[in-house]
Amino acid sequence: MKRFPDNFLWGGAIAANQVEGAWQQDGKGLSTSDVQPQGIFGPVVERKSGDRSLKDIAIDFYHRYPQDIALFAEMGFRCLRISIAWTRIFPQGDETQPNEAGLAYYDRLFDELAQHGIQPMVTLSHYEMPLGLVQNYGGWGNRQLIEFFQRYARTVFQRYQHKVKLWLTFNEINMSLHAPFTGVGLPADSSKGAIYQAIHHQLVASALAVKACHDIIPDAQIGNMLLGGLMYPLTCKPEDVFETLQQNRSWQFFGDVQCRGAWPGYMLRYLREQGIELNITEDDRIALRETVDFISFSYYMTGCVTTDEALNQQARGNILSMVPNPHLPSSEWGWQIDPIGLRTLLNMLWDRYQKPLFIVENGLGAKDRPQPDGTIEDDYRISYLNDHLVQVAEALQDGVEVMGYTSWGPIDLISASKAEISKRYGFIYVDRDDNGEGSLTRSRKKSFYWYQQVIATQGASLKG
Ligand code: BGP
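If you read the sequence shown in our numbering, its first letter stands for residue 1, the second for the next number, and so on.
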C-alpha cells in the first residue's frame, strides 16, 4: 500500500499566460508571451488591433477563478501553483510604482484560495516578462534587468507576505538555452555568449530574490524551478556515457548555481573552450551564495544521448535534440513516457543536493474526445499519472524528501510549446477549441474523480 506523508502537498500547477486571458485588462502591459501567439518556439510578432491569439482569453481564469478554485477544492487540493504576470504589477517593467489593480487581483485570488484551505505556491516569472524590458533594454542581456526584477520581487513579497509562503523564482530556468526569447528576452539567433551572459544575470536576480524573500518573509520557503531533462546513454560505450553526463550537466548546472552558490568548474571549462568570457562581478559572486530552500522541477519525459552522429542527425527535429528510447512508448505529441525515470531523477537530485524536492509539473498532454453525453473517459491520463505517482512513492521509500506534487494543468489550458488547447492535461475539461470557439464551460473528466480519490486516501488508491 502506498501512503504519502500526511503533510504532502497534493495539487496542480498553472501559469498566468496560459490560463488568465484578460491580456489588456486592469492596466496589464504587453508581455513576451503576448507577442508569441504560436507558442514559445513560434515567431515573435507585432500585435495589431483586431488580430487574435488563443492566449488573449485563454480559459478566462482571470474572471472565472472562484469557480475553478471551488473545483480544485472539490478534488481535495492542498496546494495550487500559480504564477504572477509581471506585467500586471509593472506593465512596462521599469516603472517605479506598481500597478495597484494588478496587485489587488492577486490579493483576491489568494483570499479565495485561503477560503478553501488551498496553499498557493507562486512562480515569479513563468515564461513571460514585460515586453518593454525587451524593446527598451535588450532583455536579460542587460544587467539593469536585475534591478527591475528585484523591484518586482520585493513588491510582491511585501504585499503578499502574509498570504504566500511558498515561492519559486524562474520557471524552467534552463529552457533559455532552447527558447531564448521566452527565457531571457533575446532573439532566437543570439550567440551562445550573449545567452549565457543573460542567463548569468538571471541567476543573480534569482539569488537576490531568494535573499529578499528570506529577509521579508522569514517563515517562507523559496525554491528554483528546473526542467528535469533526464538523459540516458543510448549504449554503454564509454563515449556515450560521458556525453550523457555532459548533457545532464547542461541543465543541472543551473541547479548547481542555485543550490551550491557558484558556477561549477565543468561549466567554466566549457565556456572557456567555447571562447565565452562572462562578466561576473565580485558583487555577483556574493549574491549567488544565497541558495534556495528547496528544488522544484517539471518532469514529462526522458531521452537518450549518443555520440553516433548519424543517429543524432535524425533526432535534430526534437526540441532538445535527443534520441528516442527504443524501450518507451510516446504520447500523441511524441513525448516519451517513462515513470521510472521520475524515481531516478528524484534520487539523482536528492543525492546531488540533499535539499527537499517538489514535483511542480507532470502530466500527459492528450486529445480528449467527449462522449455524446459530455463525459470524458480519460483512462490514458489516469494511467500516466498513476504510474508516475507510484514511482514517487518508491522514491519516498528510498528516503528522498518530497514536499509535494502539483500535476501540470489540472484544468485544460493553452499549451506553452504550440499554444494549442487541444493538447489537454486537465482533470477539468474546458469547452474551447484551437480556433477559439466554445463556451468555456467547465466539466469534470473521469480523472477528476480518480485524483480526488488518490488525495483522499493519501495515495493508497494507487495501483501498482
Ligand atoms: C513546461 C512549462 C509549462 C507547460 C508544460 C507542458 O515546459 O513550464 O508552462 O506548458 O511544459 O508543455 P506544453 O504546454 O508545451 O505541452
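Cβ coordinates follow ideal geometry from the N, Cα and C atoms, glycine included.
Given the structure is predicted, the values throughout are model-derived calculations rather than measurements.
Same chain only: Cβ atoms within 7 Å of residue i, ignoring 5 sequence neighbours per side
i: F77; result: W10, G11, G12 and I118
i: Q247; result: M231 and V305
i: R249; result: Y266
i: E332; result: A366 and K367
i: L345; result: G228, L230 and Y299
i: V19; result: A58, I59, F61 and L413
i: I455; result: W10, M75 and G76
From the options, residue whose alpha carbon lies closest to that of residue i
i: R81; options: P120, M175 and V305; result: P120
i: Q36; options: Y266, Y299, F148 and G185; result: G185
i: K463; options: N386, M403, K418 and E420; result: N386
i: M129; options: Q25, I84 and S439; result: I84
i: F427; options: R260, W335 and T406; result: T406
i: K418; options: A16, I40 and E20; result: I40
i: R260; options: V400, F294 and L245; result: F294
i: G255; options: G459, Q24, L396 and E172; result: E172
i: L109; options: M301, Y62 and M348; result: Y62
i: L234; options: A310, Q314, V323 and R272; result: V323
i: P91; options: Q258, D68, V45 and F148; result: F148
i: W335; options: V164, L389, Y384 and Y196; result: Y384
i: L124; options: H162, A395, I222 and E243; result: I222
i: T441; options: I411, I455 and A456; result: I411
i: G303; options: Q274, D240, E112 and E290; result: D240
i: H388; options: I376, L364 and Q371; result: L364
i: A70; options: R88, N325, D6 and A114; result: A114
i: R285; options: N17, D68 and A207; result: A207
i: G436; options: R52, L245, A456 and P98; result: R52
i: R381; options: S330, E394, A416 and Q197; result: S330
i: F253; options: K48, P187 and R352; result: R352
i: A179; options: N17, Q25, W450 and P43; result: P43
i: A73; options: D308, D431 and Y449; result: Y449
i: R343; options: P326, E394, G50 and S49; result: E394
i: A209; options: A310, V122, D26 and E282; result: V122
i: A16; options: H162, Y105, R47 and D6; result: Y105
i: A467; options: S439, A416 and V390; result: Absent from the structure is residue 467, since the part of the chain shown begins at 1 and ends at 464.
Neighbourhood of residue i by C-beta, 8 Å cutoff - its chain only, sequence neighbours within 5 removed
i: D378; result: A366, D368, K445, K446 and S447
i: R422; result: Arg is not the amino acid found at residue 422; the sequence shown has Ser there. Taken in chain order, the residues that qualify are K367, D433 and D434.
i: Q466; result: There is simply no residue 466 to check, as the chain begins at 1 and stops at 464 in what is shown.
i: A212; result: Q150, A153, R154 and F157
i: N347; result: A395, D398 and V400
Any C-beta of chain C under 8 Å from that of residue i
i: A395; result: Included in the structure is just one protein chain, with no chain C present.
Distance CB(residue i)-CB(residue j) smaller than 8 Å
i: N465; j: V292; result: For residue 465 there is no data in the structure shown, the boundaries of the chain being 1 and 464.
i: D94; j: L133; result: yes
i: I340; j: V392; result: no
i: I414; j: K28; result: no
i: S33; j: L168; result: no
i: M301; j: I276; result: no
i: L145; j: Y152; result: no
i: G409; j: Y425; result: yes
i: W251; j: V257; result: no
i: V402; j: L357; result: yes
i: R3; j: Q458; result: yes
i: G374; j: S443; result: yes
i: I89; j: F157; result: no
i: Y429; j: P372; result: no
i: K165; j: D219; result: yes
i: L288; j: L203; result: yes
i: Y127; j: T87; result: no
i: Q197; j: G141; result: yes
i: A101; j: D6; result: no
i: E112; j: Y65; result: yes
i: L226; j: N174; result: yes
i: H201; j: R143; result: yes
Neighbourhood of residue i by C-beta, 6 Å cutoff - its chain only, sequence neighbours within 5 removed
i: I199; result: S176
i: W23; result: D34 and D56
i: N325; result: C304 and Q336
i: K237; result: none
Which ranges would you report for the beta strand (DSSP E) in the segment 156-235 if only whole runs of at least 3 residues count?
Listed in chain order, they are 166-170, 221-227 and 231-233.
What are the complete beta strand (DSSP E) segments, minimum 3 residues, inside the segment 355-441?
DSSP assignment within the segment 355-441 yields the following whole beta strand (DSSP E) runs of 3 residues or more, N-terminal first: 357-361, 402-408 and 428-430.
List in chain order: all unbroken alpha helix (DSSP H) runs of 4+ residues lying wholly within the segment 293-329.
Listed in chain order, the alpha helix (DSSP H) elements of length 4 or more contained wholly in the segment 293-329 are 309-315.
In the segment 59-101, which residue ranges form an unbroken alpha helix (DSSP H) of at least 4 residues, counting only runs that do not cross its ends?
If only uninterrupted alpha helix (DSSP H) runs of at least 4 residues are considered, those enclosed by the segment 59-101 are 61-75 and 86-89.
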